[in-house]
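Below is one structure, written out as structure tokens, with a few remarks after it.
There are 2 protein chains.
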Amino acid sequence: MIQSNLFQYNEATDWKTVGDGVQRQVFGYDDKVMLVKVKFEKGGCGVLHNHAHSQVSYVESGVFEMTIDGTKKIIRKGDGYYIPPYSVHGCVCLEAGMLIDAFGPCRWEFVDHDHQRYTL
Amino acid sequence: MIQSNLFQYNEATDWKTVGDGVQRQVFGYDDKVMLVKVKFEKGGCGVLHNHAHSQVSYVESGVFEMTIDGTKKIIRKGDGYYIPPYSVHGCVCLEAGMLIDAFGPCRWEFVDHDHQRYTL
Numbered sequence: 004m005i006q007s008n009l010f011q012y013n014e015a016t017d018w019k020t021v022g023d024g025v026q027r028q029v030f031g032y033d034d035k036v037m038l039v040k041v042k043f044e045k046g047g048c049g050v051l052h053n054h055a056h057s058q059v060s061y062v063e064s065g066v067f068e069m070t071i072d073g074t075k076k077i078i079r080k081g082d083g084y085y086i087p088p089y090s091v092h093g094c095v096c097l098e099a100g101m102l103i104d105a106f107g108p109c110r111w112e113f114v115d116h117d118h119q120r121y122t123l
Numbered sequence: 004m005i006q007s008n009l010f011q012y013n014e015a016t017d018w019k020t021v022g023d024g025v026q027r028q029v030f031g032y033d034d035k036v037m038l039v040k041v042k043f044e045k046g047g048c049g050v051l052h053n054h055a056h057s058q059v060s061y062v063e064s065g066v067f068e069m070t071i072d073g074t075k076k077i078i079r080k081g082d083g084y085y086i087p088p089y090s091v092h093g094c095v096c097l098e099a100g101m102l103i104d105a106f107g108p109c110r111w112e113f114v115d116h117d118h119q120r121y122t123l
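Note that the protein sequences, when read in sequence, are chains A and B.
Letter by letter, the first sequence follows residues 4 to 123 of the numbering used here.
Letter by letter, the second sequence follows residues 4 to 123 of the numbering used here.
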């Protein structure tokens, strides 16, 4: 099984720009689950999209307007949300912050070809 | 499929005491994935244990000594880790904080019998 390292360190992990004012760090993963940090500047958008993966997320900091299946809510540090498979979702960042996204199964398209394999 | 609500709010979600100085909020879930917040007082422990579920976690705040498969590391806000299925793991909280744990598949034993079902 292809897996991430056991430990991920903020200072040692690259940020990839994935949109205007939006950056991503890929953290732990295997075939079943993946954790991703997504950092937003104020005004940064996650454009409406959908995927087969189930998603559960946590607002680590900031304030976001989140849309899921046409329902818009304002969510803040400490809140979270669930995206059912194929549900159309997106967000606008109202105050700079970070979302912690977990996907099941893994979103392999986020893993670089030279990804790290399992090492202690 | 049994699912959580689409949105979870910190202020509206019960904390369950799951150990000495350790409390848990269950956030989003379906059969594929689950997100859980685990809040630790300084000195709180996650005792060594293992499970079939893959786990990916994020340190939302605080400092922890984390043990995975006999390897101990100090991790802080912004860091993360990956627990392969059946790997023995546990932690000691060195400075009060919170871990964000995601599991694939869902840990149904964390869901109360009167859990919330999918509603908009």
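Glycine is no exception: its CB is placed at the ideal position from the N, C-alpha and C atoms.
Any chain B beta carbon closer than 8 Å to residue i
{"i": "ALA99 (chain A)", "result": "no"}
{"i": "LEU9 (chain A)", "result": "yes"}
{"i": "LYS19 (chain A)", "result": "no"}
{"i": "VAL114 (chain A)", "result": "no"}
{"i": "LEU38 (chain A)", "result": "yes"}
{"i": "VAL50 (chain A)", "result": "no"}
Within-8 Å CB hit, residue i to chain A
{"i": "GLU63 (chain B)", "result": "yes"}
{"i": "PHE106 (chain B)", "result": "yes"}
{"i": "THR70 (chain B)", "result": "no"}
{"i": "ASN13 (chain B)", "result": "yes"}
{"i": "GLY31 (chain B)", "result": "yes"}
{"i": "PHE43 (chain B)", "result": "no"}
{"i": "VAL25 (chain B)", "result": "no"}
{"i": "VAL95 (chain B)", "result": "no"}
Host beta strand (DSSP E) of residue i (start-end)
{"i": "PHE67 (chain A)", "result": "57-71"}
{"i": "ALA99 (chain B)", "result": "92-107"}
{"i": "LYS80 (chain B)", "result": "Premise fails: LYS80 (chain B) is in no beta strand (DSSP E) and is neither H nor E."}
{"i": "LEU51 (chain B)", "result": "48-52"}
{"i": "LYS35 (chain A)", "result": "Premise fails: LYS35 (chain A) is in no beta strand (DSSP E) and is neither H nor E."}
{"i": "LYS19 (chain B)", "result": "19-22"}
Nearest residue (CA-CA) to residue i, options the options
{"i": "ILE77 (chain B)", "options": "B:GLY31, B:PRO108, B:VAL62 and B:TRP18", "result": "B:VAL62"}
{"i": "ASN13 (chain B)", "options": "B:GLN28, B:MET4 and B:GLN6", "result": "B:GLN28"}
{"i": "THR16 (chain B)", "options": "A:ASP82, A:ARG110 and A:VAL59", "result": "A:ASP82"}
{"i": "MET66 (chain B)", "options": "B:LYS42, B:TRP111 and B:SER7", "result": "According to the sequence provided, residue 66 (chain B) is Val. The question's Met does not apply to it. The residue with the shortest Cα to Cα distance from VAL66 (chain B) is B:LYS42."}
{"i": "GLY73 (chain A)", "options": "A:VAL114, A:GLY93, A:GLU98 and A:ILE5", "result": "A:GLY93"}
Under 8 Å by beta carbon: chain A residues contacting residue i
{"i": "GLN6 (chain B)", "result": "TYR85 and PRO87"}
Per-residue contacts from residue i into chain B (C-beta, under 7 Å)
{"i": "GLY81 (chain A)", "result": "ASN13"}
Amino acids of chain B, ordered along the chain, whose beta-carbon sits closer than 9 Å to that of residue i
{"i": "GLY46 (chain A)", "result": "Per Cβ cutoff of 9 Å: no residues; GLY46 (chain A) is ~22 Å from chain B at best."}
Exercise. Taking one C-beta from the stretch 5-23 of chain A and one from the stretch 35-53 of chain A each time, how about it: are there three or more such pairs within less than 8 Å?
Worked result: yes
Exercise. Does the stretch 80-90 of chain A come close enough to the stretch 51-70 of chain A to have 3 or more Cβ pairs within less than 8 Å?
Worked result: yes
Exercise. With a cut-off of 8 Å, do at least 3 Cβ pairs link the stretch 32-40 of chain A to the stretch 97-106 of chain A?
Worked result: yes
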